[in-house]
Amino acid sequence: TGDFDASGSIMSLIDGNGSTTSLSGHDFAFRGLFYNCTHLKSLPELPATVLGNYCYNLLFFGCTGLVSAAGTVLPAESVSSGAYNHMFYGCTGLKSAPEIKAKTVTGSGVFSNMFYNCSALVSVQKKMYVVKGSGDTSKTSTFSGMFCGCSNLVTAPSFEGVTALGTNDFSTAFQNCTKLQSINLDT
84 TGDFDASGSI MSLIDGNGST TSLSGHDFAF RGLFYNCTHL KSLPELPATV LGNYCYNLLF
144 FGCTGLVSAA GTVLPAESVS SGAYNHMFYG CTGLKSAPEI KAKTVTGSGV FSNMFYNCSA
204 LVSVQKKMYV VKGSGDTSKT STFSGMFCGC SNLVTAPSFE GVTALGTNDF STAFQNCTKL
264 QSINLDT
């Protein structure tokens, strides 16, 4: 019931030693793994470069004891449906976000509600360079609610290279970000 740290590669739960970097074929692999672990203080290594659908969905949902993801990198450059959906939702103590390396997204809701209600979040990366795969505008809600309720966020990342927008891609992305001073949506 006390505070605890997660350490080592989360991928060891897939291969026994953490050496694989692919979650291809492992849809929902870590969905909700640390759901409401309010005493979790640090993140495990998240080295996957290939992600399955919804593989990190709800991963740290409600982990109010998490304070920092600074120095953590989410290295996957191509991500699919719901991969980071609700990943840090309700982590009210989180002050800094991980670096997101995604460049190509396919599917719906990839970043939906990723930092929803992370009310202490102040620091995020300066740029996100994301292109929707194959010009497919039928996939929706890519960034929907991504920073919704991040009431201490001062500067949003610039979304460079965002193309082929679909329905609701930025819906409520910055809703209730009451201290937000600038958003650069130039593509």
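Quick note: to get the numbering used here, add 83 to the position in the sequence shown (first position is 1). All C-beta atoms in this analysis are idealised placements derived from N, C-alpha and C, irrespective of residue type, glycine included.
Rounded straight-line distance, which links the Cα of residue j to that of residue i
i: Gly192; j: Cys260; result: 20 Å
i: Ile266; j: Phe242; result: 9 Å
i: Gly145; j: Ala153; result: 18 Å
i: Ile183; j: Leu106; result: 17 Å
i: Met170; j: Tyr137; result: 9 Å
i: Tyr172; j: Gly108; result: 25 Å
i: Thr223; j: Ser90; result: 34 Å
i: Leu142; j: Arg114; result: 5 Å
i: Thr73; j: Asn200; result: Nothing in the structure corresponds to residue 73, since the chain is present only between 84 and 270.
i: Ala203; j: Tyr139; result: 21 Å
i: Thr255; j: Ser227; result: 6 Å
i: Ser125; j: Pro181; result: 12 Å
i: Gln258; j: Gln264; result: 13 Å
i: Leu123; j: Ser151; result: 11 Å
Where residue i falls, given that 16 or more other Cβ within 10 Å makes a residue buried
i: Thr225; result: buried
i: Ser163; result: buried
i: Asp88; result: exposed
i: Val100; result: This sequence places Asn at residue 100; Val is not what is there. Asn100 comes out exposed.
i: Gly85; result: exposed
i: Asn119; result: exposed
Cutoff 6 Å; reference residue i; Cβ partners in own chain excluding five residues on either side
i: Lys262; result: Asn235 and Val237
i: Phe253; result: Phe226
i: Thr147; result: Thr121, Thr175 and Gly176
Contacts around residue i, its chain only, beta-carbon distance under 7 Å, and the 5 residues preceding and following it disregarded
i: Pro240; result: Val207, Gln208, Lys209, Lys210 and Met211
i: Leu129; result: Ile93, Thr155 and Leu157
i: Leu116; result: Leu142
i: Phe194; result: Tyr167, Thr225, Phe226 and Met229
i: Phe198; result: Phe171, Ala180, Leu204, Met229, Phe230 and Cys233
Own chain residues within Cβ distance below 8 Å of residue i, not counting five before or after
i: Glu160; result: Thr132, Lys184, Ala185, Lys186 and Thr187
i: Phe205; result: Looking at the sequence shown, residue 205 is not Phe but Val. Closer than 8 Å at the Cβ level, and outside the excluded window around Val205, lie Lys178, Ser179, Asn235, Leu236 and Val237.
i: Ile97; result: Thr103, Leu106, His109 and Ala112
i: Asn196; result: Asn168, His169, Tyr172, Ser227, Gly228, Met229 and Cys231
i: Gly135; result: Leu106, Ser107, Gly108, His109, Asp110, Phe111, Ala112, Ser163 and Ala166
i: Ser95; result: Gly101
i: Asn251; result: Thr223, Ser224 and Ser227
i: Pro127; result: Ala89, Ser90, Gly91, Ser92 and Ile93
i: Leu274; result: There is simply no residue 274 to check, as the chain begins at 84 and stops at 270 in what is shown.
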